[in-house]
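Colleague: In numbering that gives the first Met the number 0, the protein residues as written are 0 to 179.
All C-beta atoms, glycine included, are put in the ideal place defined by N, C-alpha and C.
Only a predicted model underlies this, so the values are computations on that prediction, with no experimental measurement involved.
Below you will find the structure I want to go over with you.
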Amino acid sequence: MDYKKINAPTSIITRDTGALEAKTGNLYETVVVASRRADQIGVDLKNELNKKLEEFASYTDNLEEIFENREQIEISKFYEKLPKPTLLALEEIMEDKIQFRIPSEQEIAQAEEIARAKAEAEAETKVIKAEPVKEPVKSFDDIIAESTEFIPNVSEAEDEDSDKKAKAKKDSSKSKKTKE
């Protein structure tokens, strides 16, 4: 659709809620219809802009050369000046350019039943792959036991130090006796 031809205001204006309600029979339904249409318009505008700007895309990363293309700037400015998608959607509603349909209770129930059946079918077809539980190579207690083997007990360390000191005294006393 050519959004350039829609005479929608570029800024927000006050709307008559009675006129909006008359289009669908319920003001809230009108808001839902407008929001869904605005989403569609937004996606269309984004795709159109990206397609036009793709011509100017540079696929090389060169920080020294930055080109300012006037045509690219003009295209971007044009899309920035367009009315917002919500305003375009509301204008389409007011001009009766949108056709919408509210599903009946029966259609909703059928859709829910189909969705439930699909979910059940997917659940049945999923095969749960059970892998055996792998035993850890070492348990936490084993790791702790190994780590304590390298740390000498404080009392043992003191005993070793006292043994070394006693041995050193004996050696020093022997050396004194040999000198005399």
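Write down every uninterrupted run of the alpha helix (DSSP H) in the segment 3 to 45 whose length is 4 residues or greater and which is fully enclosed by it, in chain order.
Modeller: DSSP runs (the alpha helix (DSSP H)) wholly in the segment 3 to 45: 16 to 23.
Colleague: Can you give me the Cβ contacts of residue 95 inside the same chain, cut-off strictly under 8 Å, excluding the 5 residues immediately before and after it?
Modeller: 22.
Colleague: Taking the C-alpha atoms as reference points, what is the distance between residue 55 and residue 87?
Modeller: Roughly 28 Å separates the two Cα atoms.
Colleague: Residue ranges of each alpha helix (DSSP H) run of no fewer than 4 residues wholly in the segment 65 to 107, ordered along the chain?
Modeller: Runs found: 69 to 80, 84 to 93.
Colleague: Please report the distance separating the alpha-carbon of residue 97 from that of residue 89.
Modeller: Looking at the two C-alpha atoms, the distance is approximately 10 Å.
Colleague: Leaving out the 5 sequence neighbours to the left and right, which residues in its chain are closer than 6 Å to residue 29 when beta-carbon positions are compared?
Modeller: So the list reads 19, 22, 23, once near-sequence residues are dropped.
Colleague: Taking 8 Å as the limit between beta carbons, can you name the residues of its chain near residue 104, skipping five residues before and five after?
Modeller: None.
Colleague: Are the beta-carbon atoms of residue 33 and residue 101 separated by less than 8 Å?
Modeller: No, these two residues do not count as a Cβ contact at 8 Å.
Colleague: Out of 79, 39, 119, 124, which one is the CA nearest neighbour of residue 10?
Modeller: Nearest option by C-alpha distance: 79.
Colleague: Counting C-beta neighbours from all protein chains within 10 Å, is the total for residue 114 16 or more, i.e. buried, or is it exposed?
Modeller: By the 10 Å Cβ count, residue 114 comes out exposed.
Colleague: Would you report the Cα separation of residue 47 and residue 39, rounded to the nearest angstrom?
Modeller: In a straight line, the C-alpha of residue 47 is about 12 Å away from that of residue 39.
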